Every structure is written in structure tokens, then in C-alpha cells.
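Chains as they are written, first to last, in our numbering: chain A, -6 to 254; chain B, 1401 to 1667.
Each residue gets a CB set at the ideal place from its N, CA and C atoms; glycine is no exception.
Since this is a predicted model, take the numbers as computed values, not measurements.
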């Protein structure tokens, strides 16, 4: 309860901060829309040359792209800003002030900052999904939507846990302010259906960096082609990831040496 | 500006830039690893070509194409637009203006200094591509290599000069990085970075022939892969260097116009 109140308070502060920069709303919106177009062009050209790729149709791949845009918006709007701030705190030693507060440090640092304008990304993502289903001439079933939303939640958990793992590295290697770029560039692999990857990369992107859990499975759920076993396994996988990330965080914070002392 | 002094100072400045890149090598490495986009594209396109090649591109050609793209991108990279944006807004630029050397020259030396490390990372990729059985043809004649190097220099210069040109926008507007993002989008689509330009319909290709983007990635890549015959290489090299000259003139003019507006705060 206390944590919920804290969360809402931090959210309100970010909103107030974001509202000061209203021009950003227009610029961010336009840029996000254009980036989506840039992302769709290769797909369009690819599927123009071929009807279906590894069992995926153009519309199916668009649904994956929609999920990718959605998660990217969540990543840039809710996960990245806070965690970039942590790296800065670790570097400058100001993490002390957060550790002293009477609340869980991981909670405090992960909810510290949001960028409300990234909501536009979510709108663009939903636009892509609607467009894809319109081309398919059908409406996703209520159960499929529910399952994909559940998988979305687990995708966010995985995304967040991965970030925590990356941040934990900052406790050992201090100067890493470009970590978020590295993370984003790995996340870029999630824009295609995971079955385009073969051999070793496929194993890496399913188990080590579970990009399949993040975009492919939710998309399959929405399309109604996901089997129950994969759904259950991916939920379990994301829970395991969260636990591992928490364990690593607790260990990493023990390594924190303040800059000033 | 004293040309002789600049020429004498330049190698030293490049050495300083190199020392800096070695000092922050972990950071450097992370930056280099962020260039994964060609591999992302490679996954998609080789899956598509697995069943049946598209035009001249089978899975093997795609591997060669995107590895070459990765190498070209790695050694033509520059970050001056963010540097300029930052230094103009915080006023740190005033310190550079006190030095008896043109700031653009100083920036270029700093950016060039990072190239040896980047090349070091790119070299294994290239060697693997050649050794991995015909993914990329080993360049046999030295003249192709020489032309390729010339095309890389040209690509780097176009990159650097457009970045400074867009960076000088920070003299006039609050953030030039949004403008750069738009440039980057066009670059990704039209330079052959995301997908080979040959896969586009003919009207897009005739458009890319007259835009600078093609000469920043696709041209060096196609040169080293041997997709272009000698006259085509020479002709495109000419166009590329024409763009270098035009971009150079533009960014110098923009720099002068910006200087007139610049007043440092703090410093």
C-alpha cells in the first residue's frame, strides 16, 4: 500500500516535469511515427519479394512489429529513464541518498522517472496492430487478447529484469553511461519474429536474452496461434528471470562504494 | 588560419584522440557493440533468401553484404553532432575558440583518433568474412583496395561534414539532435544500411543515385564485394567526392553563420 502511494507520487512528479516541455510532445510524436515507418519498410520490401517467411505472413510480422513498438515505448518511457539515472547515481556517488531512504532501493530507483510523451509510441503500436488485423479481415478473440495482455505483463517483467542485470554491471564497471544504447541495440533484434533466427542465435534469443518472450509469443497469442505449453513456459521463464535479477541486484548493491568516502 | 601550423598540429591531435579512445576503451567497446543493426537485418534477409535467392542475393551474398556494411559503418562512424550540440549549449565551445586552430579541424582529429580501435574490431569481421568460404571475395588486386580506401575516406568525410552541418543548427535552435534523427532515418533507408538498395524498385534507386546517402554505405560495400565494375566505381567515386566538397563548403558557411550568433555562457 505504501509502495503504491510512493509509486503514484513518483509518477505524478514525472508527469508534472514532462508537461513543462510540450513541444517535445509534437517532436517526439512525429519522430516515433517516422521511426515506425523506417522499421516497416524492410518488412514491406521483404514480403513483397516473398509471400511468407518461415511460416510468417506480412500481417503476422506486422503484429510482431506492433508489439515491438509497444514494448519499445514502454522501455523508453518507463524503464530507460529511471535506470539511466541509476547509472549516473552510481557514478557520482549520490546513490547514498537513495539507500538512506526508508524504502526498498530497487523499488525507488526503478520508479524514479517516466517520460509521459512516450505514450505516443503506444498509440502508434496500437495503430499498427489495428492495421494488421484490418488487413487480415478479422478481430482477435477476447481470450486471445487476454492471453496476450498477460504475456505483455511478463514481457515487461523480462525487460525490466534484463535492465536490472545490466545496471548491476555498473556497480563493477563504473563508467558505462552508454549501456542504455547497447541495451536498445540488442532489443532491436526483437523486431522480427523469432523464427527468422536459426542455430545458435535462436537459442540465445529464446533463452539467454528471451526476445521471443517479449514480442513473438505475445504476437502469436494475439493471432491465436500460440500453444498453451509455450504460454505457460514463457510465464514461468519471466518469473525466473525476475527472481534472478533480484538476486543479482542484492549482490551487486553490496559492491557499491560511494564516490565520496 | 595558418595552414602550416594546422598541418603540423593535426597528427598530434589525432594521437591525442587515439589516447583518449584507449583510455576509455570499455566505453569505446560498448559503443562499437551498439552497431548491431546490420546483424538484425542479416537475420531477416538470410531467412528470406534461404528458400530461394532474391536477385543476385542468396543467403551467402546477404552475409557478405551485411558484414561488409558492419565494417564500413564501423570505420566511418563519428559522433561530432552530439559533441557540438553539447558544447554549444553548455558554452564549453568557447574554450575551443581560444585555441589557434579551427574547431572543425580539432573535432575531426578527435573523431579520427578513435578509428584505429574501431578498425581493430572491424578487422576480424572482415577476415572471417573472407575466410568463411566465399562469403566475401578476397580482394586480389591492390587497385580495388586503393579505390575502396578512397571510398571509405569519402564516406567518412560525408558523414563527418553532414554531422557538423546539422550540429551547427544548435547555434540557432534548442536541440539539433531531433533534426539529426530525421537525417538518420533517411540515411538508414536510403544508404543501403538496412537493406541492399538493389531490392528497392527502380524509381527509388534512381533517387538514391543522386542523394548523398548511397555514397556513405552502399558504394564502399559494393566496391569491396566486387558488385561494381571499374568504370562504375570511378564514376561513383567522383560523385562521392563531389558531395564531400559540397558538404564541406556548406558546413564551413554554416559554421561561420553560427559563430556570429554564438555567445558563450559561463564557460
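* In whole angstroms, what is the alpha-carbon distance linking residue 157 of chain A and residue 1549 of chain B? -> Cα-Cα distance, rounded: 42 Å.
* Asked: Out of B/1651, B/1560, B/1450 and B/1570, which has the shortest C-alpha to C-alpha gap to residue 1616 of chain B?
  -> Cα-wise, what sits closest to residue 1616 of chain B is B/1560.
* Taking all protein chains shown into account, do 16 or more other C-beta atoms lie within 10 angstroms of the C-beta of residue 1474 of chain B, making it buried, or fewer, making it exposed? -> Per the 10 Å Cβ criterion, buried.
* Spatial neighbours of residue 1556 of chain B within its chain, please: CB distance less than 6 Å, with the 5 preceding and 5 following residues excluded, ordered by chain position. => Within the same chain, and ignoring the five residues on either side of residue 1556 of chain B in sequence, the residues whose Cβ sits closer than 6 Å to its Cβ are 1476.
* **Paired residues, beta bridge with residue 49 of chain A - DSSP** => In DSSP, residue 49 of chain A forms a bridge with A/46.
* Asked: In chain order, what residues of the same chain have a beta carbon less than 6 Å from the beta carbon of residue 60 of chain A, not counting five sequence neighbours either side?
  -> 208, 211 and 212, listed in sequence order.
* Asked: Quick one, are the C-beta atoms of residue 1466 of chain B and residue 1439 of chain B less than 8 Å apart?
  -> Against a cut-off of 8 Å, the Cβ pair of residue 1439 of chain B and residue 1466 of chain B comes out as a contact.
* **Contacts that residue 1600 of chain B makes with chain A (C-beta to C-beta distance below 8 Å)** => Simply 38.
* Proximity test, Cβ basis, 8 Å: residue 181 of chain A and chain B -> At least one chain B Cβ lies under 8 Å of residue 181 of chain A.
* Asked: How far does the alpha helix (DSSP H) with residue 1445 of chain B in it reach, from first residue to last?
  -> First-last of the alpha helix (DSSP H) with residue 1445 of chain B: 1437 to 1451.
* What does residue 1443 of chain B touch in chain A if you count any residue whose Cβ is under 8 Å from its own? -> Below the 8 Å Cβ cutoff, chain A contributes 182, 185, 189, 190 and 194 as neighbours of residue 1443 of chain B, in chain order.
* residue 1556 of chain B CB to nearest chain A CB: under 8 Å? -> It does not; no Cβ of chain A falls within 8 Å.
* **Cβ contact check for the region 136 to 147 of chain A and the region 215 to 223 of chain A: 3 or more pairs under 8 Å** => Touching, per the Cβ criterion.
* Looking at the structure shown, is residue 1454 of chain B part of a helix, part of a strand, or coil, going by DSSP? -> Look at residue 1454 of chain B here: in three-state DSSP terms it is strand.
* **Proximity to residue 24 of chain A [Cα-Cα], best of A/62, A/36, A/175 and A/176** => Taking the Cα of residue 24 of chain A as reference, the smallest distance to any Cα among A/62, A/36, A/175 and A/176 is reached at A/62.
* Asked: Quick one: is residue 147 of chain A near chain B, going by C-beta distance under 8 Å?
  -> Not a single CB atom of chain B sits nearer than 8 Å to the CB of residue 147 of chain A.
* Asked: Are the beta-carbon atoms of residue 103 of chain A and residue 147 of chain A separated by less than 8 Å?
  -> For residue 103 of chain A and residue 147 of chain A, no; Cβs fall outside 8 Å.
* Helix, strand or coil at residue 1585 of chain B according to DSSP, with G and I counted as helix -> Helix, per DSSP.
* **Chain-ordered neighbours of residue 1431 of chain B on chain A, where CB pairs are closer than 8 Å** => By Cβ distance, chain A contributes 171 and 174.
* Run down chain A in chain order and give the residues with a C-beta less than 8 Å from the C-beta of residue 1440 of chain B. => 181, 182, 184 and 185, listed in chain order.
* Who are the near neighbours of residue 1471 of chain B in its chain, counting only those whose CB is closer than 6 Å to its CB and skipping five residues on each side? -> Cβ neighbours of residue 1471 of chain B beyond the five flanking positions: 1522, 1525 and 1526.
* Asked: My guess is that residue 270 of chain A and residue 1563 of chain B are in contact by the Cβ rule of under 8 Å, so how many angstroms apart are they, rounded?
  -> No statement about residue 270 of chain A is possible, as the shown extent of chain A runs from -6 to 254 and does not include it.
* Answer yes or no: does any C-beta atom of chain B fall closer than 8 Å to that of residue 44 of chain A? => For residue 44 of chain A, no Cβ of chain B is located within less than 8 Å of the residue's own Cβ.
* Where residue 1558 of chain B and residue 1644 of chain B are concerned, what is the direct C-alpha to C-alpha distance, given to the nearest angstrom? -> Their backbone Cα atoms lie some 5 Å apart in a straight line.
* Asked: Of all the CB atoms in chain A, is at least one closer than 8 Å to the CB of residue 1616 of chain B?
  -> For residue 1616 of chain B, the answer is no, since every Cβ of chain A falls outside 8 Å of its Cβ.
* Does DSSP classify residue 82 of chain A as helix, strand or coil? -> Residue 82 of chain A: helix per DSSP, three-state reduction.
* Is there contact between the region 1432 to 1451 of chain B and the region 180 to 192 of chain A, where contact requires at least three CB pairs shorter than 8 Å? -> Short answer: they touch.
* Straight-line CA distance for residue 1667 of chain B to residue 1483 of chain B? -> For residue 1667 of chain B, the pLDDT reaches just 43, beneath the cut-off of 50, and the residue's location in the model is therefore unreliable, although a value from the coordinates is still provided. Here the C-alpha atom of residue 1667 of chain B lies approximately 15 Å from the C-alpha atom of residue 1483 of chain B.
* Asked: Ordered along the chain, which non-local residues of its own chain (more than five positions away) have a Cβ less than 7 Å from that of residue 151 of chain A?
  -> Once the five neighbours on either side are set aside, the close Cβ partners of residue 151 of chain A are 203, 206, 207, 231 and 234.
* Applying the criterion that 16 or more other CB atoms from any shown protein chain within 10 Å of the CB defines a buried residue, is residue 1469 of chain B buried or exposed? -> Looking at its Cβ environment, which holds 16 or more other Cβ atoms inside 10 Å, residue 1469 of chain B is buried.
* Beta carbon proximity, residue 1517 of chain B to chain A, threshold 8 Å -> Not one beta carbon of chain A lies nearer than 8 Å to the beta carbon of residue 1517 of chain B.
* Outcome for residue 51 of chain A when other beta-carbon atoms lying within 10 angstroms are tallied against a minimum of 16 -> Around the Cβ of residue 51 of chain A, a 10 Å sphere holds 16 or more other Cβ atoms; the residue is buried.
* Asked: Enumerated in chain order, which unbroken segments of the alpha helix (DSSP H) with a length of 4 residues or greater are wholly contained in the region 94 to 125 of chain A?
  -> Within the region 94 to 125 of chain A, the complete alpha helix (DSSP H) runs of at least 4 residues are 98 to 103.
* So what's residue 1499 of chain B in DSSP terms, helix, strand or just coil? -> Three-state DSSP puts residue 1499 of chain B in coil, outside helix and strand.
* Where residue 1402 of chain B sits in the DSSP three-state scheme -> In the structure shown, residue 1402 of chain B adopts coil according to DSSP, grouped into three states.
* Asked: Do you know offhand how far residue 33 of chain A's Cα is from residue 55 of chain A's?
  -> Straight-line Cα distance between these residues: approximately 8 Å.
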